[in-house]
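Q:
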Amino acid sequence: MATKSTDYNFHEIEPHWQSFWEENRSFRATNESAKPKYYVLDMFPYPSGAGLHIGHPEGYTATDIIARYKRAKGFNVLHPIGWDAFGLPAEQHAVKTGTHPATNTAANIVNFKRQIKALGFSYDWERELATTDADYFRWTQWIFLQLFQRGLAYVDERPVWWCPELRTVLANEEIVDGKSEVGGFPVERRNLRQWVLRITAYAERLLADLKDVDWPESTKRMQEAWIGRSEGAEILFELENKALGPLKIFTTRPDTLFGCSYMVLAPEHPLVETLTTPDNQSAVDAYKKKAAAKSDLERTDLAKDKSGVFSGAFAINPANGAHVPIWIADYVLMGYGTGAIMAVPAHDERDFEFAQRYSLPIPQVIASPEGETKLPYTGDGTLINSPGYDGMAWPDAKKKITADLAARDVGKPTVNYKLRDWLFSRQRYWGEPFPIVWVSEGDYAKVKAAGTRALPVEAVTFASGGQKFFALPLPAGALPLELPEVQSYLPSGNGESPLANVTAWLEIWFNNETGAAVPASQPRPAGDAWLRARRETNTMPQWAGSCWYYLRFLDPQNPGAFASPEALKYWGVPDLYVGGAEHAVLHLLYARFWHKVLFDLGVVPQAEPFKKLFHQGIILGEDGEKMSKSRGNVVNPDTIIASHGTDTLRLYLMFLGPLEAMKPWSMKQIEGVHRFLQKVWRECIAADGGVNAKISATAIEPAELTKLLHETIKKVGDDIEALRFNTAISQMMIFSNALQKTPVVSRASMLAFVQLLAPFAPHLAEDLWERLGEKPSVQHAPWPKFDPARLTATELKLVFQVDGKHRGDQLVRVGLTREEALALAKANPRVAPHFEGKAIRRIVFVPGKILNIVTQ
RNA sequence: GCCCGGGUGGCGAAAUGGUAGACGCUGGGGACUUAAAAUCCCCUGCCUGAAAAGGCAUGUGGGUUCGAGCCCCACCCCGGGCACCA
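Note that my numbering has the first sequence beginning at 210, numbered continuously upward.
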């Protein structure tokens, strides 16, 4: 039943239809359907305490329009939503208040859900999930175990960013300008035991497969740059002290080998200690100490001011036997390549700067084609001063020299990536626990010998207190491994998570066959399967849950698998994925990595998770600045829904400008959009609440109106497909303006128009649809078709130009010839004077468009 | 420094190489009304002009073309990303 109001009462209409959809389960997607499928996905939100931001409904409205449009086009549409619910804010709140983060998270979800429901999105709520649900994260843990068993997860003691204020470790990407991204607190280096995922093993494929996805170019470029592939060679330099073994360096320019005048080791390079001569020991030690104390910010800031220290040692250039000094400098990073370089100051800006500062020789080995060369020279050229290679173009020399070194066994072609392995653990409470226990070498050997467990080829171990521990996975049947209750959510402060304080959970007798556990304080249960074990205390980062949620939506209640093979086959991956550009690298790269691992396991049928990706733009405050509490320019969706209704909000968000553009909010403009909806209401509904008298089933409406309707059907459909919602709305406004001027309109035309509006303003459309005499719901009606024959006009406007300038125009019949057009131009009093008496040099005639008379 | 976007009226913006400014907002004038709101109609890039009309206009300067907001070159400004990765 439609509402009874006589005017456009969105306060009544919107909740009414929202309940209707809920009661009728209108947007449920079934996994059994003969229809073609369409999967449209939003980046699921983190349910923060602050509630929905206006940026959420922007992207969500866009996907909702697509979802509703595709349903009308006959697709079985999957449009789900869930909650990326693990996260630092809930944990910090727990630390402050002592309440369990789950309590706070649940309350935030309730609020988010209320807000999202008020927006009228056509989500299939029966597929709702949260990454914090045990039924969900058991599969996050399961996927982790697959990575573990394939040797893609390992443990490493490594320097990580520790934030004393947050009492936690942060990933590189969580640090901005040397401070924590959350809160802006200072960070420092600490060595801690970490889980690391071997994403670098997939670097090549993550790079290569970018060509197969329909993503914004800028995002692809960002991922390319992040992966940072470069081709070069590893070259071995003999040291003067041959006992120390060769020094291995990486270079992308082996062709400049003859220009090497010194070597540089990163301060953390293992050879620094052994090759430094006694005379230089104290200077080197001092330098190492200074470099270690520098934060990333300082290292970057000091980039223009290179520093280093001479080690006293010399290396021998394998090309010409030259003895070159070895320096220690922090402009060389231990984390990339081999942590050592050959310096070629004549052809590398950084080496040049360093050589100048320390008065090192700068021999030139590449000549520019112009002859005269200003150093450093990094452009194209040919080799000089390189006996045996002089005159060769540098790319050829690069290949030749690399091959020659390889033949002598002192070098080989190598590819390096900037991409580092993914630091995957956090010393926090509120995250997925690792399904791993640590056991002794002896127990591990027994388990391995039994051959009943899937273990990595190379055992994952770590050493502590003179003892070596071995990582043993929980059996899949023991998942999920849930978080224990804790006394305090405060991190232990020594770098371990609060879980380290829960002794009964931590120190256990572990049943290797079932995964069962008994506190170690109790007697060891009977049976060979019971081992003494200590649980892993790290938890997973927030990225883990968002790496694969798009797959769980396919089959969210499945108790036996993360999704059934049938569901994976039917739904596949999202056809469209919409979310913010801030996830261009991390989330989207991590998810691609996991997906490829699942693909290699044979459990998902395609190599890429997100075929088509789109980023919605940021909405600025009315003052044109970024929305923020401190500026007081934040727009709350609840407020707008109360004052104008969600149909107006949705329409306005889409009318603002191109979806991908950054654009300012405007309260004035929203009035215009609201007026449009009121106008549509008035064109359908009379003042008494009945159907507008100008609408009738038998009405013969003006032909231009019918033509405009067909144009509108075409444009709105095309624009929705291309995510150009702003111009689709413009076109509907043009049609409504025409409606208002027409004395009569056929019921069929009005219904078609209501259908076009339905994806944008679904509540209003449902009400009008029923009031016009149709059965709900409008979404079940097939999308209107346009008749191409109706689009062709009999008359067109022909523009006359003289020398490219617009001088007049005239309605002409279709199919006018060049001669007829010229005759019209000559007869046109506005046009003719501009070329009369001049020699016509050329006539350009584009039928139906333009006649250009060129006289010069 | 490098890599991406983007610069169009008073404002948000439209424009397969073919009438620049659709649509919306704002502003002005008018109709309806006792009045107001709402609604409807007309005007609204800049300059000259009473008007008709003409000239100038898409960040700047060049170029290609019968014709450029759109293509090419150089530069300026704004936004985003990366930043000693050898």
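Think of the CB as a built atom: it goes at the ideal place given N, C-alpha and C, for glycine as much as any other residue.
All values derive from a computational prediction rather than experimental measurement.
Whose CA, out of Glu641, Phe679, Pro644, lies closest to the CA of Asp652?
A: As a working note, residue 652 is residue 443 in the first sequence. The residue with the shortest Cα to Cα distance from Asp652 is Phe679.
Q: Could you compute how far the alpha carbon of Val541 sits from the alpha carbon of Phe561?
A: For this step, residue 541 is matched to residue 332 along the first sequence. For this step, residue 561 is matched to residue 352 along the first sequence. Approximately 14 Å between the Cα atoms of the pair.
Q: Count Cβ pairs between the region 250-270 and the region 315-327 that sit closer than 8 Å; are there 3 or more?
A: yes
Q: So who's on the other strand from Arg741, going by DSSP bridges?
A: Working through the first sequence from its first residue, we reach residue 741 at position 532. DSSP lists Trp718 as partners of Arg741.
Q: Can you tell me which residues form a DSSP beta bridge with Glu443?
A: Your numbering for residue 443 matches position 234 in the first sequence. Glu443 pairs with Phe459, Lys621.
Q: If you draw a straight line from the C-alpha of Leu361 to the C-alpha of Lys677, how long is it?
A: Looking up residue 361 in the first sequence gives position 152. Looking up residue 677 in the first sequence gives position 468. Looking at the two C-alpha atoms, the distance is approximately 20 Å.
Q: Take the Cβ of His220 as the centre, count every other Cβ of all protein chains shown within 10 Å, and call the residue buried at 16 or more, exposed below.
A: Locating residue 220 in the first sequence gives position 11, counting from the first residue. When all chains shown are included, His220 counts as exposed.
Q: Should the region 978-997 be called in touch with the region 947-962, which here means at least 3 C-beta pairs below 8 Å?
A: Yes, the region 978-997 touches the region 947-962.
Q: Give me, in chain order, the residues of the same chain whose beta-carbon lies closer than 8 Å to that of Ala738; leave out the 5 immediate sequence neighbours on both sides.
A: Counting from 1 along the first sequence, the entry for residue 738 is found at position 529. Taken in chain order, the residues that qualify are Asn720, Asn721, Glu722, Thr723.
Q: Check this for me: beta carbons of Gly441 and Phe459, under 8 Å apart or not?
A: Sequence index remark: in the first sequence, residue 441 carries index 232 (1-based). Sequence index remark: in the first sequence, residue 459 carries index 250 (1-based). Going by beta carbons, Gly441 and Phe459 fall inside the 8 Å limit.
Q: Are Pro734 and Val782 close, meaning C-beta to C-beta below 8 Å?
A: As a working note, residue 734 is residue 525 in the first sequence. As a working note, residue 782 is residue 573 in the first sequence. One thing to note: Pro734 has its Cβ no nearer than 8 Å to the Cβ of Val782.
Q: Bridge partners for His883 per DSSP, in chain order?
A: Here residue 883 is taken as the residue at index 674 of the first sequence, counted from 1. Note: His883 sits in no beta bridge, so no partner.
Q: Beta-carbon within less than 7 Å of Asn767's beta-carbon, same chain only, minus the 5 sequence neighbours each way: which residues are those?
A: Within the first sequence, the letter at position 558 stands for residue 767. Hits under 7 Å: Ser773.
Q: With distance defined between alpha-carbon atoms, name the residue in Val669, Asn703, Phe1044, Arg1022 nearest to Asp1012.
A: Position 803 of the first sequence, counted from the start, is the residue given in the question as residue 1012. It is Phe1044 whose Cα lies nearest to the Cα of Asp1012.
Q: State yes or no: is the C-beta of Asn935 within less than 8 Å of the C-beta of Leu860?
A: To locate residue 935, count along the first sequence from 1; it is residue 726. To locate residue 860, count along the first sequence from 1; it is residue 651. Their beta carbons are not under 8 Å apart, which means Asn935 does not touch Leu860 by this criterion.
Q: Identify which residue in Phe253, Ala211, Gln227 has its Cα closest to the Cα of Lys854.
A: Looking up residue 854 in the first sequence gives position 645. The question names Lys, yet the displayed sequence has Gly at residue 854. The candidate whose alpha carbon is nearest that of Gly854 is Gln227.
Q: If you drop the 5 nearest sequence neighbours on each side, which residues of the same chain put their C-beta closer than 6 Å to that of Pro527?
A: Your numbering for residue 527 matches position 318 in the first sequence. Val619.
Q: Return the chain-ordered list of same chain residues with a C-beta closer than 7 Å to the C-beta of Asp784, the five sequence neighbours on each side being excluded.
A: In the first sequence, the residue the question calls residue 784 occupies position 575. These residues qualify, in order along the chain: Tyr247, Tyr248, Val249, Lys820, Lys821.
Q: Tell me, please, whether the region 913-933 touches the region 228-244 by the rule of three or more beta-carbon pairs shorter than 8 Å.
A: no
Q: In chain order, what are the residue ranges of uninterrupted alpha helix (DSSP H) at least 4 long that sit wholly in the region 247-334?
A: 264-281, 297-306, 310-327
Q: Mind checking whether Pro585 and Gln350 have CB atoms under 8 Å apart?
A: In the first sequence, residue 585 corresponds to position 376, counting from 1. In the first sequence, residue 350 corresponds to position 141, counting from 1. Going by C-beta atoms, Pro585 is not nearer than 8 Å to Gln350.
Q: For Phe394, is the classification buried or exposed, using 16 other Cβ atoms within 10 angstroms of its Cβ as the cut-off for buried?
A: Walking along the first sequence from the start, residue 394 turns up at place 185. Residue burial annotation: Phe394 is exposed, with fewer than 16 other C-beta atoms found within 10 angstroms of its C-beta.
Q: Using DSSP with H/G/I as helix, E/B as strand and the rest coil, what is Asn1061?
A: As a working mapping, residue 1061 is identified with position 852 in the first sequence. Of the three classes helix, strand and coil, the one that applies to Asn1061 here is strand, per DSSP.
Q: Relative to the alpha-carbon of Pro997, which residue among Arg1022, Phe1009, Phe969, Thr921 has its alpha-carbon at the smallest distance?
A: As a working mapping, residue 997 is identified with position 788 in the first sequence. That would be Thr921, whose Cα lies nearest to the Cα of Pro997.
Q: Going by CA-CA distance only, name the one from Ala906, Leu297, Ser439 that's closest to Ser706.
A: As a working note, residue 706 is residue 497 in the first sequence. The option with the nearest alpha carbon to Ser706 is Leu297.
Q: Using only CA atoms, which one of Lys1035, Ile274, Leu810, Ala475 lies nearest to Arg359?
A: Position 150 of the first sequence holds residue 359. The option with the nearest alpha carbon to Arg359 is Leu810.
Q: The alpha helix (DSSP H) spanning Ala495 covers which residue range?
A: Here residue 495 corresponds to residue number 286 of the first sequence, with the count starting at 1. 490-502 is the extent of the alpha helix (DSSP H) around Ala495.
Q: Just tell me which of Val648, Ala316, Thr270, Pro254 has its CA closest to the CA of Arg743.
A: Along the first sequence, read from residue 1 onward, the residue named residue 743 stands at position 534. The shortest C-alpha separation from Arg743 is found at Val648.
Q: Among residues of its own chain, excluding the 5 on either side of Gly548, which ones have a beta-carbon nearer than 6 Å to its beta-carbon?
A: If you number the first sequence from 1, residue 548 lands on position 339. So the list reads Ala475, His478, once near-sequence residues are dropped.
Q: Where do the N-terminal and C-terminal ends of the beta strand (DSSP E) with Asp365 fall, by residue?
A: Locating residue 365 in the first sequence gives position 156, where the first residue counts as 1. Element bounds for Asp365: 362-372.
Q: Under three-state DSSP, which class holds Ile571?
A: By one-based count along the first sequence, residue 571 stands at place 362. It is coil, neither helix nor strand.
Q: Take Ile1049 as the anchor and find which of Leu1031, Gln1019, Asp856, Ile593 has the nearest alpha-carbon.
A: Here the question's residue 1049 lines up with position 840 in the first sequence. For the residues Leu1031, Gln1019, Asp856, Ile593, the minimum Cα distance to Ile1049 belongs to Leu1031.
Q: Would you be able to state if there are at least three C-beta pairs under 8 Å between the region 427-434 and the region 448-456?
A: The region 448-456 makes no contact with the region 427-434: fewer than 3 CB pairs, one atom from each, lie closer than 8 Å.
Q: Is the number of C-beta pairs between the region 799-806 and the region 284-296 that are closer than 8 Å three or more?
A: Contact fails between the region 799-806 and the region 284-296, because fewer than three Cβ pairs, one in each stretch, are under 8 Å apart.
Q: List in chain order: all unbroken beta strand (DSSP E) runs of 3+ residues lying wholly within the region 733-780.
A: 739-744
Q: Rounded to the nearest angstrom, what separates Gly675 and Glu366 at their Cα positions?
A: Position 466 of the first sequence holds residue 675. Position 157 of the first sequence holds residue 366. If I take the Cα positions, the gap works out to 15 Å.
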